[in-house]
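For the record, the sequence lines run as chains A and B.
Residues in the first sequence are numbered from 25 upward in steps of one, following the working numbering.
Residues in the second sequence are numbered from 25 upward in steps of one, following the working numbering.
Every residue gets a Cβ at the ideal spot worked out from N, C-alpha and C, and that includes glycine.
Notes to accompany the following structure.
There are 2 protein chains.
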Amino acid sequence: MPAASGQLTRVALDLLGGDGAPDVVGDAVGLMLRDALPVHLLLVGPVDLGSQILRERGLDPGRVTILPARCGVPMDGHPLDAVREDTQREQAELTVTVAARAVRDGLADAWVSAGHTGAAVAAAVLTSGRVAGMQRPALAVVLPALEQPVVLLDAGASIDPSPQALVQFAVAGWCYARSLGVAEPSVGLLTIGSESGKGDELRREAEHALRERLTAHGIPFAGPVEGHDVVAGSRAQVVVTDGFTGNVLLKGIEGAVEWAVERIGRAYGEPGPARRVLREVATGEFAGGVLLGVNATTVVGHGGGSAAQVAACVRLAARCAAGGVLAQVRAALAPLEPA
Amino acid sequence: MPAASGQLTRVALDLLGGDGAPDVVGDAVGLMLRDALPVHLLLVGPVDLGSQILRERGLDPGRVTILPARCGVPMDGHPLDAVREDTQREQAELTVTVAARAVRDGLADAWVSAGHTGAAVAAAVLTSGRVAGMQRPALAVVLPALEQPVVLLDAGASIDPSPQALVQFAVAGWCYARSLGVAEPSVGLLTIGSESGKGDELRREAEHALRERLTAHGIPFAGPVEGHDVVAGSRAQVVVTDGFTGNVLLKGIEGAVEWAVERIGRAYGEPGPARRVLREVATGEFAGGVLLGVNATTVVGHGGGSAAQVAACVRLAARCAAGGVLAQVRAALAPLEPA
Chain A
25 MPAASGQLTR
35 VALDLLGGDG
45 APDVVGDAVG
55 LMLRDALPVH
65 LLLVGPVDLG
75 SQILRERGLD
85 PGRVTILPAR
95 CGVPMDGHPL
105 DAVREDTQRE
115 QAELTVTVAA
125 RAVRDGLADA
135 WVSAGHTGAA
145 VAAAVLTSGR
155 VAGMQRPALA
165 VVLPALEQPV
175 VLLDAGASID
185 PSPQALVQFA
195 VAGWCYARSL
205 GVAEPSVGLL
215 TIGSESGKGD
225 ELRREAEHAL
235 RERLTAHGIP
245 FAGPVEGHDV
255 VAGSRAQVVV
265 TDGFTGNVLL
275 KGIEGAVEWA
285 VERIGRAYGE
295 PGPARRVLRE
305 VATGEFAGGV
315 LLGVNATTVV
325 GHGGGSAAQV
335 AACVRLAARC
345 AAGGVLAQVR
355 AALAPLEPA
Chain B
25 MPAASGQLTR
35 VALDLLGGDG
45 APDVVGDAVG
55 LMLRDALPVH
65 LLLVGPVDLG
75 SQILRERGLD
85 PGRVTILPAR
95 CGVPMDGHPL
105 DAVREDTQRE
115 QAELTVTVAA
125 RAVRDGLADA
135 WVSAGHTGAA
145 VAAAVLTSGR
155 VAGMQRPALA
165 VVLPALEQPV
175 VLLDAGASID
185 PSPQALVQFA
195 VAGWCYARSL
205 GVAEPSVGLL
215 TIGSESGKGD
225 ELRREAEHAL
235 RERLTAHGIP
245 FAGPVEGHDV
255 VAGSRAQVVV
265 TDGFTGNVLL
275 KGIEGAVEWA
285 VERIGRAYGE
295 PGPARRVLRE
305 VATGEFAGGV
315 LLGVNATTVV
325 GHGGGSAAQV
335 AACVRLAARC
345 AAGGVLAQVR
355 AALAPLEPA
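Here it is, written out as structure tokens:
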């Protein structure tokens, strides 16, 4: 449920998620407390560690609730099995499960993890269930395209979706784009040519399904779009694809921007302004993805993210919760649930 | 066959391929003639049109051979069917078929088209046949990565390859990287995590096959790599994937670099140096892809490429032909042909 107006939005944050945890997460808490945002943080992890992290940074323990969890997702072995088992325990032990339950049980309005994406997706789905009308969840990432922001989904939650799942991604992504203030977004199908009928079997079937179903829902379908259209933003403002292709593309775009920053910075003989652009982008649109299709506002950040990026994920989660994105996605997807 | 040392390398160029053809191709011819490269051009298209293009630009008709072809690949309807039919005619009519035959028949050492990728691939495969040991062709593109160049393949020739085809792409790409002067290149499998076992079924099977087969061939396997590794170039210098994912990634990287050039140029208040970086990259590594796995040196350029990019494709084709890339690929792949 979104927090009522005037209230603080409560965001549960995985203390042990991400390559630099818990320190990077602790630094992110410091950044958040300096902001004047109407957010109350619930730091999810071992109480002793959480207290120590706050103390070391001189942060006011009265402004952060520590929500006890025993440990992070074990990265050796089978992280998804560990999450599955944990969600069946009466007393959950893993930070992702405890954070997801905090939202399910009404203690928090949203949750954030910068840890293992698959583990966070599993915790969200198994704890809060899927939104009616959406078979598979999708990670929606906002790209800072040239003309206007583009919502790319799925960026890595569902590897082998059906054509029908891509239609559901489209509807959910369209809701999300509208909630971000994109006027009249249209949906494109990511493929390898701008003409109809290009790509593999999934794309050919999905193009047909999207054309038929989106039109029936009054959502404009822009047809096939290509990799460069995702960063141009002129042909479509919502781009749907499977989680494999979306994840590869997203990371490729991130890498290419880093490459360009280095090479162009050198061309000017002074890398400062180029690196500032990278910092702005990395702590803005790129910072994390919203998991659409689960009954909880969930944001997944980069495993290697900085404190500023983790803080940006918390802001994104708070904005989605306060803006009622989940309710909008639910309302739009309900008609797609088979009777 | 590579041209003997001291001879000119003969490159057949599709006059009617690409969005800006024939004018952009004509301008590319002008650029090529100004270069002092040891290349002789065969311009493939209608003789009248070719003569007119040379005359309009004041180019010496003695320095370019016009190879007669009736028309370009028809883009309405079914371009691949048109190519298939044309390759069965005694007298080919389409520029791509005529260009491919020029190589097959020993009139040219390599050919270039900036037209429809699928049509060029079809003309190459149907005219020259595949290299023994390689079931499907792959388009290999060189990315200007931060540490050293990275060869990405397949960038769009084979949409649904098998795990075995990815092994063949790896061997061919490894030969190509070595011919470019990359010392001790290692091969990575593009997927969505740096740990083993990530991704879809193709990736899981391919990872197993690559680990086993490449090791047997003495080719270092770097394991799974991600989208950003392709632009970093530190983990692997040859990255293999299916033609769908590779094409989406390549276009996404190109778009991201363009985005960064615009946004960073604005940050400096003077876009000149940023745009020069883009021009350098676009007319260097990015300009076109080499089709590996067919018995002819074939370069496919961007449909929307500039004259400088088409000229860069011709230089790339000449360099591959003179460097004997095809012979090296053949020698490395022969042991993979089933007895």
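Can you give the beta carbon distance from residue i to residue j, rounded, assuming they're within the 8 Å contact cut?
i        : j        : result
A:VAL53  : A:LEU65  : 6 Å
A:THR188 : A:ALA246 : Per the sequence shown, the amino acid found at residue 188 of chain A is Gln instead of Thr. That pair is no contact at about 19 Å.
A:SER220 : A:PRO248 : 7 Å
A:VAL68  : A:ALA93  : 5 Å
A:LEU104 : A:PRO62  : Between A:PRO62 and A:LEU104 the Cβ distance is about 35 Å, and since that is not below 8 Å, they are no contact.
B:VAL195 : B:ALA60  : About 35 Å; that fails the 8 Å criterion.
A:VAL272 : B:LEU214 : 6 Å
A:GLU250 : A:GLY217 : 7 Å
B:GLY313 : B:ASP253 : Their Cβ separation, rounded to whole angstroms, is 19 Å, which puts B:GLY313 and B:ASP253 out of contact at 8 Å.
B:LEU316 : B:ALA164 : 5 Å
A:CYS95  : A:GLU117 : 6 Å
A:GLY257 : A:GLN172 : 5 Å
A:LEU274 : A:LEU131 : That pair is no contact at about 31 Å.
B:VAL378 : B:VAL136 : Any property of residue 378 of chain B remains undetermined from this structure, which presents chain B solely from 25 to 363.
B:THR269 : A:THR269 : 6 Å
Output needed for residue i: all residues of its chain with C-beta closer than 6 Å, excluding positions within five of it in sequence on either side, in chain order.
i        : result
B:ASP266 : PRO185
A:GLY328 : ASP43
B:ILE90  : LEU67, VAL71, GLY74
B:ALA134 : VAL35, THR321, ALA341, ALA345
B:ALA298 : VAL285, ILE288, GLY289
B:ALA336 : THR307, ALA311
B:ARG227 : THR215
A:GLY347 : SER203
A:GLU231 : LEU213
B:PRO26  : With a pLDDT of 47 at B:PRO26, under the threshold of 50, the modelled position of this residue cannot be trusted, and the question is left open.
Within the same chain, show all residues whose beta-carbon is closer than 7 Å to that of residue i, passing over the 5 residues directly before and after it, in chain order.
i        : result
A:LEU83  : VAL53, GLY54, LEU57
B:VAL149 : PRO161, VAL318
A:PRO46  : LEU39, LEU40, GLY69, LEU73, ILE77
A:LEU360 : GLY157, GLN192, VAL195
A:ALA295 : Note on residue identity: the sequence assigns Pro, not Ala, to residue 295 of chain A. Closer than 7 Å at Cβ, skipping near neighbours: GLY289.
A:SER152 : ALA124, VAL127, ARG128, VAL318, ASN319, ALA320
I'd like the span of the alpha helix (DSSP H) that includes residue i, first residue to last.
i        : result
B:HIS64  : Note, B:HIS64: premise wrong, no alpha helix (DSSP H); beta strand (DSSP E) at 63-69.
A:GLY325 : No alpha helix (DSSP H) contains A:GLY325, which is instead part of the beta strand (DSSP E) from 321-325.
A:LEU170 : Here A:LEU170 belongs to no alpha helix (DSSP H), and DSSP marks it neither H nor E.
A:ARG58  : 47-58
B:GLN159 : Neither: B:GLN159 is in no alpha helix (DSSP H) and is coded neither H nor E.
B:ARG343 : 331-347
A:ARG227 : 225-240
Please report the residue range of the beta strand (DSSP E) in which residue i lies.
i        : result
A:VAL174 : 174-177
B:LEU190 : Element bounds for B:LEU190: not the beta strand (DSSP E) but the alpha helix (DSSP H), 187-203.
A:VAL211 : 211-214
B:THR89  : 88-92
B:ASP164 : It should be pointed out that residue 164 of chain B corresponds to Ala in this sequence rather than to Asp. Here the beta strand (DSSP E) through B:ALA164 covers 162-167.
B:ARG34  : 33-38
B:VAL313 : Note that residue 313 of chain B is Gly in the sequence shown, not Val. Element bounds for B:GLY313: 312-316.
Only counting the same chain, and skipping five residues up and downstream in sequence, which positions put a Cβ closer than 8 Å to that of residue i?
i        : result
B:VAL301 : VAL285
A:VAL255 : LEU167, ALA169, LEU170, VAL174, ILE277
A:ARG81  : GLY50, ASP51, VAL53, GLY54
A:ALA358 : ALA156, GLY157
B:ALA363 : none
B:ALA260 : VAL174, PRO209, SER210, VAL211, GLY212, ALA246, VAL249, ASP253
B:ARG343 : none
B:VAL107 : VAL97, LEU118, VAL120, THR121, ALA143, ALA146, ALA147, LEU150
B:GLU225 : none
The stretch 187-201 of chain A / the stretch 348-356 of chain A touching (three or more Cβ pairs under 8 Å): The stretch 187-201 of chain A makes contact with the stretch 348-356 of chain A: 3 or more CB pairs, one atom from each, lie closer than 8 Å.
Whole runs of the beta strand (DSSP E) within the stretch 246-297 of chain B, excluding any shorter than 3 residues: 262-264
Inside the stretch 113-153 of chain A only - beta strand (DSSP E) runs reaching at least 3 residues: 134-137
Stretch pair the stretch 276-284 of chain A + the stretch 124-142 of chain A: three plus CB contacts closer than 8 Å: no
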